[in-house]
Amino acid sequence: MGLEFTKDSFLITRVDEIIKWARKNSLWPMPMGISCCAIEMMAFAGPRFDVSRFGSEAFRFSPRQSDLMIVAGTVTYKMAHVVRKIYDQMPDPKWVIAMGACTSSGGMYRSYPVVQGIDLFVPVDVYVAGCPPRPDNLLKGLMEIQKKIERGEKPGQREKVYVAESTMV
Amino acid sequence: MKENVLEKLTTHFKDSILATSEYRGELTIVVKKQDIVRICQFLCSNEELRFDSLRDLCGVDYYRPEDRFEVVYNLYSLKNKFRLRLKVRVDEADLHVPSVTGVWSTANWHEREAYDMYGIIFDGHPDLRRMYMPEEFEYYPLRKDFPLMGIPGSLSLPKK
């Protein structure tokens with residue numbers, strides 16, 4: 001991040017860089033746990049997979065205090081309005097992870113009440129594959145978000161990232 | 001127990017019973033639509049029978065020209081440990097069925113669900129609103145003529 005040390009133990013950097021570094025290492029997730037993926041999301045927050053290693057252990061149940069929405073579960077048309085409202089209430093800059101098959105594409109629920117992918121109504125940054133994804137796969141998704149922040153992607157010009165299914169057994 | 005139920009029902013409601021059948025020890029009785037509340041009241045309050053629990057109530061769409069729908073009542077007697085199934089036939093031209101919420105209050109949500117999914121109207125229900133689908137939805141999704149993927153544009157999505 002362009003660090004420069006001087007003899008008097010000073011550290012010189014650019015404000016942009018230090019803000020990016022701070023944001024990246026303190027992403028506060030909004031756990032939008034709608035169905036079974038939420039169980040894996042809890043494991044991702046728990047001691048075994050331990051998301052606090054990445055500075056994201058503070059799950060906020062208020063959208064006002066969070067900057068990363070993890071949509072974990074099947075989104076129905078009725079629920080879509082709630083998800084969008086919560087997304088709108090989050091302060092900028094904000095990111096979205098679509099966790100699992102249902103959230104990304106409707107998954108096995110190819111039927112009338114289920115939205116066939118949440119990107120029909122919110123911008124998605126990272127899609128995590130799996131049904132449900134393993135917690136380490138969601139960690140990979142979080143790291144992809146961190147990389148996005150590091151690259152300084154602006155809203156509207158963000159690249160979509162797909163995290164493949166974990167091969168770890 | 002089975003004989004007792006049948007005997008009591010035939011003595012009290014001889015004209016209301018349309019058909020009875022038994023399969024693997026499960027007794028099913030088809031009754032007239034307009035008498036369903038009276039029969040339920042009797043089954044629930046009779047000292048000997050005591051069908052005090054409505055285990056399930058659901059609609060069925062057979063998609064046939066006559067009596068297209070059915071409403072199925074699964075009753076259970078805690079006292080006698082006995083199950084009984086009642087059925088009511090509903091024609092598409094007249095989708096009204098008397099509500100049994102006055103007998104078992106648990107019927108409230110079950111009837112709302114049957115209304116939401118099949119459009120069967122339960123007369124006398126205290127709060128007949130849709131259960132799962134949004135209020136403004138105009139179709140009945142569990143009917144056989146409803147397409148699996150729904151009707152495009154019938155459910156709204158928030159603006160992106």
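Those protein sequence lines, which keep their order, are chains A and B.
Numbering-wise (the working numbering), the first sequence opens with residue 1 and increments by one.
Numbering-wise (the working numbering), the second sequence opens with residue 1 and increments by one.
The beta-carbon is built from N, C-alpha and C at its ideal position, and this holds for glycine as well.
Secondary-structure assignment with DSSP links PRO29 of chain A through a beta bridge to A:LEU68.
Beta-carbon to beta-carbon, PHE69 of chain B and VAL100 of chain B are separated by about 16 Å, too far to satisfy the 8 Å threshold.
A:PHE59 is the residue among A:PHE59, A:LEU139, A:GLY130, A:LYS160 whose C-alpha sits nearest the C-alpha of PRO29 of chain A. Chain-ordered listing is empty here: chain A has no CB closer than 7 Å to the CB of GLY124 of chain B, the nearest sitting near 28 Å.
Taking CB atoms only, VAL71 of chain A has no neighbour in chain B less than 8 Å away. Boundaries of the alpha helix (DSSP H) around PRO135 of chain A: 135 to 151. Closest in alpha carbon position to LEU84 of chain B, among B:ARG24, B:GLU92, B:ASP94, is B:ARG24. With fewer than 16 other CB atoms across the displayed protein chains lying within 10 angstroms of its CB, ARG151 of chain A is exposed. A Cβ of chain A is located within less than 8 Å of the beta carbon of MET149 of chain B. Within the segment 102 to 120 of chain A, contact with chain B at the beta-carbon level (separation under 8 Å) is assigned to ARG110, SER111, TYR112, PRO113, VAL115, LEU120. Contact note: ALA80 of chain A reaches chain B through LEU157, PRO158, using a C-beta cutoff of 7 Å and chain order.
Residue pairing of ARG83 of chain B in beta bridges, as defined by DSSP: B:TYR76. Within 10 angstroms of the beta-carbon of LEU18 of chain B lie fewer than 16 other beta-carbons, which makes it exposed.
Taking a Cβ-Cβ threshold of 8 Å, the residues of chain A close to PRO141 of chain B are TYR112, PRO113, in chain order. As DSSP reads the structure, HIS96 of chain B sits in a beta bridge with B:ILE121. DSSP places ARG60 of chain A in no alpha helix (DSSP H); its state is neither H nor E. Annotated as distal: TYR87 of chain A and PRO113 of chain A, with beta-carbon spacing of 8 Å or more. Within the same chain, Cβ atoms closer than 7 Å to the Cβ of LYS144 of chain B are found at ASP61, TYR63, the five residues on either side in sequence being excluded. In this chain, the beta strand (DSSP E) harbouring GLY59 of chain B covers 53 to 61. Within a 10 Å sphere around the beta-carbon of GLN146 of chain A sit 16 or more other beta-carbons, which makes this residue buried. In the three-state reduction of the DSSP assignment, ARG23 of chain A falls in the helix class, which pools H, G and I. If only complete runs of 3 or more residues are kept, the segment 79 to 143 of chain A shows the beta strand (DSSP E) at 95 to 99, 126 to 128, in order along the chain. Per the coordinates, the alpha-carbon of GLU48 of chain B lies some 30 Å from the alpha-carbon of PRO126 of chain B.
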